[in-house]
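Numbering (this note's numbering), first residue to last: 7 to 87. Note that the Cβ used here is the ideal one computed from N, Cα and C, for glycine as well. Here the structure is a predicted model, which means the values were calculated and not measured. Heads up, the thing below is written out as structure tokens.
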Amino acid sequence: MNLDRFTHETERPARRYEYDDSSVVAVDFGPGADATVDLVDGTVIVVLEDDQFELELPEATADAHTFIRNGVLTVELEADQ
């Protein structure tokens, strides 16, 4: 996952949390951020005002869930078993 490049492009703080069978990525776009998120073919696409950012997911990801709440993008990844 190209999280370093993604956070550099967006200039937003991000964290990655690793668990036994999954991981979670959280990126803070700030409160009131008018952002939307979509997941297309292993790519997380975030549209923030007039900008679009993409985050490629690892190939070993079996399932991913994305959402934005209170300006925080959350990507939940489940690893292949």
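With 8 Å set as the bound, which would you pick, yes or no: does the beta-carbon of residue i sit closer than that to a beta-carbon of chain D?
i	result
residue 31	Of the protein chains in the structure, only one exists, and it is not chain D.
Are the beta-carbon atoms belonging to residue i and residue j less than 8 Å from one another?
i	j	result
residue 46	residue 80	no
residue 39	residue 53	no
Give every residue of the same chain whose Cβ lies closer than 8 Å to the Cβ of residue i, excluding the five residues on either side of it in the sequence, and list them in chain order.
i	result
residue 37	76, 77
Distance check for residue j and residue i, CA to CA, integer angstroms please.
i	j	result
residue 84	residue 69	5 Å
residue 2	residue 28	No statement about residue 2 is possible, as the shown extent of the chain runs from 7 to 87 and does not include it.
residue 22	residue 74	16 Å
residue 65	residue 71	15 Å
residue 18	residue 58	14 Å
Is residue i near the ligand COA - that is, is its Cβ less than 7 Å away from at least one heavy atom of it?
i	result
residue 68	You won't find the ligand COA in this model; it holds no ligand whatsoever.
Which same chain residues end up closer than 6 Å to residue i when comparing Cβ atoms and leaving out the 5 residues on each side of it in sequence?
i	result
residue 67	83
residue 60	49, 51
Who are the near neighbours of residue i in its chain, counting only those whose CB is closer than 7 Å to its CB and skipping five residues on each side?
i	result
residue 55	40
Whole beta strand (DSSP E) elements within the stretch 20-60, 3-residue minimum
20-24, 28-34, 41-46, 49-54
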